[in-house]
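J.:
Protein chains: 2
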Amino acid sequence: MTSLMETTFGEYIRLLRNEHELTLTQLAAKLNLDSANLSKIENGKRDFDEKRLPKLAKIFNLNLTELRNEYLTDQIGKQIYETNCTKQLLQVAEEKAEYRRLKNIKTA
Amino acid sequence: MTSLMETTFGEYIRLLRNEHELTLTQLAAKLNLDSANLSKIENGKRDFDEKRLPKLAKIFNLNLTELRNEYLTDQIGKQIYETNCTKQLLQVAEEKAEYRRLKNIKTA
DNA sequence: ATAAGACTTGTCATTTTTTGACAAATTTAT
DNA sequence: ATAAATTTGTCAAAAAATGACAAGTCTTAT
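Structure, rendered in structure tokens:
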């Protein structure tokens, strides 16, 4: 796996956009959304809608799976940040995830 | 800190309820919710509303902070599970959380 | 067998949250 | 100063979460 970004997902989009010298308006059009909202996304004031990941990957010719990982880690990182979840608690959360895995494979 | 549960939050509530020999109806009443919905919560089909944590703590005479941690780790664990987030990706998510911390302390 | 209590499931209206869209700033580059 | 780019505020629409109730199953006592 390619090493993932140490940025927010919004910053990552901005990075890509700048690399490709697109304006907000131009990229927003390609993504089928409003430039004002894309601005908010890049500035972390709104979330990028997961449904648009395939489109985003196509526009910048990125591997969708890796992009999804970028997105996923951003989302979870955000939650960790917002809830002030410590490493110790995160460890517990991981164990609980594992518990769900065991349980649900049996159950389903 | 007391060691946290390796159960879902719903299962934990059920555990507490059974220990105290309360019916769904009885506990639901104390929590100001419908017994049918409490059943769903215990069975993981709905989320417990965070707003009720203080009430829940009071009913069972629990430390609110610890209960919150129980809740928090359940929530994040659930997200880890649902998104199939691997340990490796979780590590990245943690770094991103750290990045947000640094950034937002500066920014705010 | 059946009646009662405990629990579960399905559905739907209400509430809350998220999203899309537009107008009006503000900033940046020329 | 102008024009383009970006940001911010607001609000209606869409989507998701919640509350409530009805109807179902399952168990247990009689």
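From first to last, the protein sequence lines stand for chains A and B. All you need for this note's numbering is the position in the first sequence, starting with 1, plus 25. All you need for this note's numbering is the position in the second sequence, starting with 1, plus 25. Idealized CB from N, CA, C, for every residue including glycine.
#1: Would you grab the beta carbon distance between Leu81(B) and Leu92(B) for me? Rounded to a whole angstrom, and I think it's under 8 Å.
#2: Does any CB atom of chain A fall closer than 7 Å to the CB of Leu71(B)?
#3: If you draw a straight line from the alpha carbon of Ala54(A) to that of Asn62(A), how long is it in whole angstroms?
#4: Taking the beta carbon of Glu46(B) as the centre, do at least 16 other beta carbons fall within 10 Å, making it buried, or is it exposed?
#5: With 7 Å as the threshold, decide whether the Cβ of Tyr106(A) is near any Cβ in chain B.
#6: Assuming the contact rule is C-beta atoms closer than 8 Å, Phe23(A) and Phe73(A) should be a hit. Round their C-beta distance to whole Å, please.
#7: Between which two residues does the alpha helix (DSSP H) containing Asp99(B) stretch?
#8: Reducing DSSP to helix, strand and coil, say where Glu44(B) ends up.
#9: Is Asn88(A) close to chain B? Criterion is C-beta to C-beta, closer than 7 Å.
#10: Taking Cβ-Cβ distances shorter than 9 Å, what residues in chain A pair up with Glu91(B)?
#11: What number of angstroms, rounded off, separates the C-alpha of Arg77(B) from the C-alpha of Thr90(B)?
#12: To the nearest angstrom, how far is the alpha carbon of Gly102(B) from that of Leu41(A)?
#13: Assign Glu67(A) to one of two classes, buried (16 or more other C-beta atoms within 10 Å of its C-beta) or exposed (fewer than that).
#14: Taking 8 Å as the limit between beta carbons, can you name the residues of its chain near Pro79(B), skipping five residues before and five after?
#15: The alpha helix (DSSP H) with Asn68(B) in it runs from where to where?
#16: For chain B, check one thing: does any of its Cβ atoms lie closer than 7 Å to the Cβ of Tyr124(A)?
T.: In this structure, then:
#1: 7 Å
#2: Checking the displayed sequence, the identity of residue 71(B) turns out to be Arg instead of Leu. No - not a single Cβ of chain A is within 7 Å of the one on Arg71(B).
#3: 11 Å
#4: exposed
#5: yes
#6: No answer is possible for residue 23(A): it lies beyond the span of chain A, which begins at 26 and ends at 133.
#7: 89-107
#8: helix
#9: no
#10: Ordered by position in chain A, no residue passes the 9 Å Cβ test against Glu91(B), which lies about 11 Å from the chain.
#11: 13 Å
#12: 31 Å
#13: buried
#14: Leu89
#15: Neither: Asn68(B) is in no alpha helix (DSSP H) and is coded neither H nor E.
#16: yes
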